[in-house]
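**Q**
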Amino acid sequence: METKPTSEQALMRLRLDADLTPDLPDAIEQANAEAVAYLDGNLYGDEAAMIQAADVRGIVVTPDIIAAQLLLLDAALGNNAMQDRESKRSTAFSMLRRHRNMGA
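Just add 154 to the spot in the sequence shown (first one is 1) and you have our numbering.
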């Protein structure tokens, strides 16, 4: 599994205008970086990749982590009112919370 959404996923699931396509790569990187920072761990496509990296704080990507990144992407790139943008960000962080590394 990929560790971040693709441009195709973003265009299809978020129904973004085609004229936003040039902005997608940077926005995807931004959403991914924000998710990784919140999770406090690197993302891996599968358990084997995480084991190979010997990353004890690593997190294997699940569909809800991709969905949360899409929400962060939509909040950053979509045509949203401030309240909608904050609601999407809050929902994304709620989705990520159960995967988050916590503690020392």
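All C-beta atoms in this analysis are idealised placements derived from N, C-alpha and C, irrespective of residue type, glycine included.
#1: Output needed for Q184: all residues of its chain with C-beta closer than 7 Å, excluding positions within five of it in sequence on either side, in chain order.
#2: Can you name, in chain order, every residue of its own chain whose Cβ lies under 6 Å from the Cβ of Y198, other than the five neighbours on each side?
#3: Cutting at 7 Å between CB atoms, please list the residues of its own chain near P159, excluding the five before and the five after it.
#4: To the nearest angstrom, how far is it from the Cα of R252 to the Cα of A246?
#5: Out of Y192, L168, T157, which one is the CA nearest neighbour of N233?
#6: Using only the alpha-carbon positions, how far apart do E346 and D194 sit?
#7: Is the Cβ-Cβ distance between A164 and L178 less than 8 Å?
#8: Can you list, in chain order, the stretches of the alpha helix (DSSP H) that have 4 or more residues and sit fully within the stretch 213-250?
#9: Starting from N186, trace the alpha helix (DSSP H) both ways and give me its first and last residue.
#10: Can you tell me the Cβ-Cβ gap for D282 and M249, rounded? I've got them flagged as a contact below 8 Å.
**A** Judging by the given coordinates:
#1: Along the sequence shown, one-based indexing puts residue 184 at 30. So the list reads A230, once near-sequence residues are dropped.
#2: Counted from its first residue, the sequence shown places residue 198 at position 44. Counting only Cβ-Cβ distances below 6 Å, and skipping sequence neighbours, we find M204, G212, V214.
#3: On the sequence shown, position 5 is the one that residue 159 refers to. Excluding sequence neighbours, P159 sits near I182, I220, Q223, L224, L227.
#4: Taking the first residue of the sequence shown as position 1, residue 252 is located at position 98. Taking the first residue of the sequence shown as position 1, residue 246 is located at position 92. Whole-angstrom Cα-Cα distance: 11 Å.
#5: In the sequence shown, residue 233 corresponds to position 79, counting from 1. Looking at the Cα atoms, L168 is the closest of the given residues.
#6: Nothing can be reported for residue 346: it is not among the residues displayed for the chain, which extend from 155 to 258.
#7: Locating residue 164 in the sequence shown gives position 10, counting from the first residue. Locating residue 178 in the sequence shown gives position 24, counting from the first residue. Yes, the pair counts as a contact, with Cβ atoms nearer than the cut-off.
#8: You should have 217-231.
#9: Locating residue 186 in the sequence shown gives position 32, where the first residue counts as 1. Per DSSP, N186 is one residue of the alpha helix (DSSP H) stretching across 178-193.
#10: In the structure displayed, the chain extends from 155 to 258; residue 282 sits before or after that span and is not available.
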